[in-house]
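The structure under discussion appears below in the form of structure tokens.
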Amino acid sequence: MALFVMILRKMIKNKWLELSLLVGLILSVGLASSMPLYTAAILQRMLVKDLDLLQATTFQYSGNYWASIYLTGSTPKEDIADLLHQTDDYFTSNAHRWFNLPIKEFAIERATDRYPMEPLDPTRIDPAKTRTADVTAIKGMENHIRVVDGRLPEPPQADGVYEAVVVENALSSLKLVVGNEFILKNEDGTDAIRVKIVGVIDQKSYDDVFWFNKMTTYSSSLIVPFDLFENDFTKGQKLQVRASYWQTALDYSKMTLPHIERYIGTHNAVDQFLSEHYENYSIKPQAMPTLTSYYDKEDKLRMMLWSLNVPVMMMLAFYLFMVSNLITERQKTEIAVLRSRGASRLQILCGYLIEGLLLGGIAFAVGPHFGLLLTKVLGASNGFLEFVQRAALDVRMNDEAYQYGAIAVACSLVMTLIPAFLATRATIVGHKQQMARQQKKSFWHTFFIDIILVAVSVYGLQTFRRRMADMVALGLDSSDLKIDPLLFVVPALFILGSGLVILRIYPWFVRLIYWLGKRWWPPSLYSTLIQVGRSTTQYQFIMVFLIITLATGLFSSSAARTININAAEKISYSYGTDIAMQVNWENDAPPPGMETEPVDSGEMFALPLTLSGNTKVQYSEPPFLPMTQLSGVEHAAKVFKKQVANITVGKERADTLLMGIDTDDFGQVAWLRNGLLDHHFNEYLNLMASDPAAVLISRSVAEHFKLKEGDRLYAGWPGVENTQFKIFGIIDYWPSWNPRVGPGSPGAATAAKNKKAVPPMLVVGHLSYIQNNMALEPYEVWLKLKDGASSQELYAALEDKNIPVEHLSDAKQELIKLKNDPFQLAINGVMTLGFMISVMISFFGFLLYWVLSLSGRILQFGILRAMGISFSQLIFMLIGEQLLTSGAAVGIGLSIGTLTGLLYVPMFQLAFNASTQVPPFLVTFDSHDQVRLYVIVSAMISFGLIILGYMLSRIKIHQAVKLGED
């Protein structure tokens, strides 16, 4: 108890240091616990969206779980009823409970063998038609159908006739009408049962999840009441029951991540049950492919978060170590006294351990809830340092968050105990000797940790560059290589290593400044240079800390903005504009399958755009003016693309993409990044406008045919006559055109013929010239939307004006999907968070270090004042000391951050598709981020100087001298 009281008193004595340590612990625990919380929250959001998308693409309800069995002769007839009822109970009592999801609908369907049908009255129906049908029953069907004709069946009358209903398709497939009676025949030709058709049914609602199969599935089925079927056929065995189906519609909107494991486990249990009781069975769990992919997504996202957080974790660890070291430095004399009085190192460490456990306990209680808040911040990020009011993440505290928090507390305790462990080695005599001596080299410089870190990071850089070169050379997709966590870890090592290397040589730089002006320096600066030059080890902690935080912040901003901008520009370039759509053109083309004619050789060759060998298809161009007047549209342009065009120069020929544009309109709607062409994009359009026969060609065309500006070429496509064009310019990039070789790209066919890589080719000409001299064919309509206009607004306008759109590509929607991508959210959120934590921690660490440093030098300042140094000179000394330490650290940190960005950010192409990254990957530095850093650092240093100046002004000479005597 006495030890506990002593520890509390010691903590109260150093309350500001302990509070700073607690803040670092809470941040560490919060950051660690936010990772599982964010992973669960973002995957939860993805889960429901992916299931919605699955339903939209497959036209099947994503919550469907459908199982079927087919009874063979191996099951005794007397056991069929019990076995089917046992299976019914298994689904209702076990499977549904194990899914642990609301059941929207559950249907049981039974079906018999197919039996030949003979009309009871051949005069009323065609007896020559061969008819076979099964008898089917669906439990609960009555609430989900509407009677189209006739009525629903009633129980059999005394004559034993069964009443049945059919679907509309059965009327044509079985050639029957309501009121017809049939006799179902056994295999031996004997009568089985008589059936009368009394009605025609259809689904009550076409979005009813009760129905797994379409109604056309029952076009050869006679549907009777379920209870009647069970009594007469399942139990009574009047007909052979052959199949049974169980359809469960789960409410997937209530599905959470824990349900995935339950769903898969239940599916495996159902599969096991059916395999034990039936020889032939089938299960169709609609959501299973989507759900099983989530384990891989979770692993990738978790790895991504860990990788992104490594620099921030490293910074927090350094902060904890620095604060713990400051606490230990203030208590070294006390530790040495305790050692001299018989206390063991273990006893002293136990005291610090108890202190750490107290703070760690508070951090463990508060940290996960702080992590909950951080997760919501991550979910609101729309870019680096950008936040939007999107739907909040469904964040829920879980056990894993506390597990991560406990690990963070344990690791943080280790970091805080290291300085105490090192301090317990000194005795009182050794401590006094160490205080009197000049400080030695730091640990990382003594053992060349800085050189090792730089070497490892440079090796990692070279490895990344080789991998990227191989990726481009081999044409690998981004899916061929997973996101490498070292993309985030290696830059952090480079930042730390580079900072330590510079601090190794920095003392020599300070001494050089001192030596160059030692005859002219004023006393204040003279003292400052000596203080900093001889005590660099003392300042290394704060300098390394500032270097890491600022370099990490600048690198994070560059990495996040580079990834965001390149991903967005890749989408914008590939689409070329906001909206590209193809409108239906009326034409006199033959029906599909009649476009070719046989020739004497017996082969078939296509005559594109022809009705016969010499007749072209005539197209009717739809009015273009309504396109320009659509709601939300700022500009519209006609863009003709012919993928199967060809170029002829002399006797040589090659495939190309031919694009026809109106230069003025195209310049208003097209997107192209500045700097991709030798001249501005608009200059090429202005150049083309001077001659109707002018074209721009890709560099691949120029190199393949050895062409230059002023040369002429012929272009055309099958079915039209080649036309002469004049080359006005050579381009490397063009909106929506990919200059990289890829399957299906223009030029790929030529490459296949020549068995060598031929880059895609492009010719851009005037649309009017192409239409007048070659052919009038459908073109795309490119639309640029007004600022603030939404795609939904345009879609509504297209529907209102009844514009027949055949195909539409929406770049704005793709950009929205990009920003909602979980990995993109993680990058933006974590790097934004890392930047904010860097700024906050550097501010606290800076103030804490200098306030404590000043309080430890009161005697020195008192003596200087007693020697006649004025207060203004003391302030000047502090300013000089700040510039040589904190100011230098800021400059070094910003320089290292910029260098790290230039070296390592290009390696993020590995996370993209380096072989198809068009436009080329571009490292981005936002000046606003640097301005923010400069403002924050300037405010931090200024605020620190104000506090230090205020503390200096309160120092009394007699108090300082008395303190020295004590």
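According to the UniProt record's numbering, the stretch in the sequence shown is residues 1 to 966, in order.
Ideal Cβ placement from N, Cα and C applies to all residues, glycine included.
Aspartate 810 carries a strand assignment under DSSP once its states are collapsed to helix, strand and coil.
Comparing alpha-carbon positions, the option among Phe555, Phe921, Phe943 and Tyr573 lying closest to asparagine 309 turns out to be Phe555. Your pair tyrosine 619 and leucine 776 checks out as a contact, with CB atoms roughly 6 angstroms apart and the cut at 8 angstroms. Using a Cβ-Cβ distance cut-off of 8 angstroms, the segment 35–48 and the segment 392–411 are in contact, since at least three pairs of beta carbons, one from each stretch, lie closer than that value. When the five nearest sequence neighbours on each side are left out, the beta carbons in the same chain lying within less than 8 angstroms of the beta carbon of serine 220 are those of Arg114, Thr132, Ala133, Asp134, Ala170, Ser173 and Leu174, in order along the chain.
Counting the other Cβ atoms within 10 Å of the Cβ of asparagine 180 gives 16 or more, which makes it buried. Relative to the Cα of threonine 248, the nearest Cα in the group Thr528, Gln286 and Leu320 belongs to Gln286. In this structure, alanine 192 and lysine 238 form a Cβ contact; the two beta carbons are roughly 7 angstroms apart against a cut-off of 8 angstroms. Nearest to isoleucine 264 by C-alpha distance, out of Asn213, Arg110, Phe99 and Tyr281, is Phe99.
Between tryptophan 717 and alanine 580 the beta-carbon gap is near 21 angstroms, outside 8 angstroms, which marks them as no contact.
Here the C-alpha atom of leucine 228 lies approximately 7 angstroms from the C-alpha atom of proline 155. Counting along the chain, no alpha helix (DSSP H) covers valine 918, and no H or E run does either.
Of the candidates Leu818, Lys817 and Tyr795, Tyr795 places its Cα closest to the Cα of histidine 807. The C-alpha of glycine 405 lies about 21 angstroms from the C-alpha of proline 258. Secondary structure note for valine 270: its alpha helix (DSSP H) is the uninterrupted segment 257–277.
With respect to the 8 angstroms criterion, glycine 553 and glycine 897 are classified as neighbours on the basis of their beta carbons. Contact check for leucine 496 and leucine 453: beta-carbon distance about 6 angstroms, within the 8 angstroms limit, so the pair qualifies. A residue is called buried once 16 or more other Cβ atoms fall within 10 Å of its Cβ, and histidine 704 is buried on that count.
Going by DSSP, aspartate 787 is part of no beta strand (DSSP E) at all; its letter is neither H nor E.
Annotation: phenylalanine 541 to proline 739 spans about 51 angstroms, alpha carbon to alpha carbon. For serine 293, the uninterrupted alpha helix (DSSP H) segment begins and ends at 288–330. For methionine 907, the CB contacts under 8 angstroms within the same chain, skipping 5 residues up- and downstream, are Leu461, Phe464, Arg465, Met468 and Leu487 in chain order. Counted as a single uninterrupted DSSP element, the alpha helix (DSSP H) harbouring tryptophan 16 occupies residues 15–58. Contact check between the segment 206–220 and the segment 121–130: fewer than three CB pairs, one atom from each, fall below 8 angstroms, which does not count as touching.
Beta-bridge annotation (DSSP): glutamate 118 is paired with Ile183.
In the assembly as shown, asparagine 674 is an exposed residue. Its beta-carbon has fewer than 16 other beta-carbons within 10 Å. Between threonine 375 and isoleucine 841, the C-beta gap is not smaller than 8 angstroms, which leaves the two residues out of contact.
Within its own chain, the residues whose Cβ lies closer than 7 angstroms to the Cβ of threonine 112, once the five positions on either side in sequence are excluded, are Asp134, Val135, Phe233, Leu239, Gln240, Val241 and Arg242, listed in chain order.
When C-alpha distances from threonine 87 are compared across Asp271, Val200, Thr72 and Ser253, the shortest belongs to Asp271.
When the Cα atoms are used, glutamate 230 and tyrosine 61 turn out to be separated by approximately 28 angstroms.
Going by DSSP, phenylalanine 106 is part of the beta strand (DSSP E) stretching over 103–112.
If you look at tryptophan 246, you'll find it in the beta strand (DSSP E) that goes 241–250. Along the length of the segment 163–228, whole alpha helix (DSSP H) runs at least 4 residues long occupy 168–173, reported in chain order. For methionine 468, DSSP records no beta bridge to any residue. Listed in chain order, the non-local C-beta contacts of phenylalanine 421 below 7 angstroms within the same chain comprise Leu349, local neighbours out to five positions each way being set aside. With 16 or more other Cβ atoms inside 10 Å of its own Cβ, serine 698 counts as buried.
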